[in-house]
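Under my numbering, the first residue of the sequence shown is numbered 247, with each subsequent residue one higher.
Cβ atoms here follow ideal geometry from the backbone N, Cα and C, with glycine treated the same way.
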Amino acid sequence: MQFSAAQVTGATVLFVDLRGYTGLAEQLPPLRVVGLLDEFFDLLIRATERHGGEVFHMAGDAMMAGFGLRTPGHRCARDALAAGHAMLRSFAPVGQRWRQELSVETGIGIGLHQGEVALGFHGPPGRQATTLVGDTVNVAARLCGRARAGEVLLSATVAAALEVDVTLGADGNVAEKPPQAMQILHLPQLRLRGRSALIDIWCVPALKRLAI
C-alpha cells in the first residue's frame, strides 16, 4: 500500500452512517439492501455536493466527506453543518417510508470535526483513490459513532468556527441559534474511544435528547 502526493490542509470532515443497518440486512434479501443503500447514498452525496463538499469514502453504511479542502477557511464549518442538516431532513421521509413498507427502524448519525488533514492518493498502483488521513478524520468518525439517530455531534473547533456562544446556562446546557437558525446544545465533555483527552462537544440534537 502506498500513500503518495499528500498535502496538508485544513478542512471540516463529516462522517455519517446508517443506524439500524445490521437489522435491516438481517431482515431483507441482499439485492433489496443494495437498492436501499443506493437511495441512502444518493441523498447523502446530493447534500454534500449541494453545500460544496467532496465525498472521499463510502463503505458499508457509512460515508466520509470533506469541506473547505480547495478553499481553506472559506465557510467550511458552516457548509458542513448545513450539509449534515440537509441529510437529516432528506432522510426523515425515507426512514419513515422504510418503516411503513419494510418494518425496519433506521436513522442516521453525523459527526463533524475541523482541523488539519493529509489529502493524497492511497492504495496500490493502479487502484489508488483520493482520501483524507489524520486525527481530524478519526475524531469526526468517533463523534459520528456517538451521535444519536437524527443528530449531528460537532467538536469545539467546529463550534468556534460557527461562533457558537459557549456560555453555560443554569441547567449546564446552552441552546443557541447559529447563522443556520439551528438549535445547538453544549454537552458534557466526552472521552472518545482511543483518545486520552476529554473533548468539548456540541450537538444539533435529536428530538429525544430535547425531551430529556
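Can you give me the C-alpha to C-alpha distance between residue i and residue j, rounded to a whole angstrom?
| i | j | result |
| --- | --- | --- |
| P275 | R343 | 18 Å |
| P339 | A323 | 26 Å |
| L438 | E272 | 29 Å |
| E422 | L277 | A caution first: E422 carries a pLDDT of 38, below 50, which makes its placement in the model unreliable, though a value can still be read off. For E422 and L277, the distance between alpha carbons rounds to 44 Å. |
| F367 | A375 | 5 Å |
| V412 | H432 | Caution is warranted here: a pLDDT of 41 is assigned to V412, below 50, making its placement in the model unreliable, and the coordinate value is therefore given only provisionally. Roughly 7 Å separates the two Cα atoms. |
| L260 | R345 | 26 Å |
| A406 | G306 | 32 Å |
| H303 | P434 | 30 Å |
| E300 | A311 | 5 Å |
| A328 | H297 | 7 Å |
| L389 | R321 | 21 Å |
| D284 | L334 | 17 Å |
| L290 | G353 | 13 Å |
| I430 | V383 | 22 Å |
| A293 | V350 | 24 Å |
| E295 | V450 | 21 Å |
Identify whether residue i lies in helix, strand or coil by the three-state DSSP scheme.
| i | result |
| --- | --- |
| G396 | coil |
| Q346 | helix |
| G380 | coil |
| P424 | Here P424 scores only 43 on pLDDT, less than 50, and its place in the model should not be relied on; the value that follows carries that caveat. Three-state result, P424: coil. |
Could you tell me whether the Cβ of residue i comes closer than 8 Å to any Cβ of chain D?
| i | result |
| --- | --- |
| T258 | Of the protein chains in the structure, only one exists, and it is not chain D. |
Could you pull the start and end residues of the beta strand (DSSP E) that residue i belongs to?
| i | result |
| --- | --- |
| L438 | Unbroken run through L438: none, as it is neither H nor E. |
| T352 | That residue, T352, is in no beta strand (DSSP E); it is neither H nor E in DSSP. |
Next on the checklist: Restricting to runs no shorter than 3 residues, where is the beta strand (DSSP E) found entirely within the region 264-339?
Outcome noted: Runs of beta strand (DSSP E) with 3 or more residues, each lying fully within the region 264-339, are found at 300-305 and 308-313, listed in chain order.
Checklist entry - Between the region 396-406 and the region 357-364, do at least 3 Cβ pairs fall closer than 8 Å? => result yes
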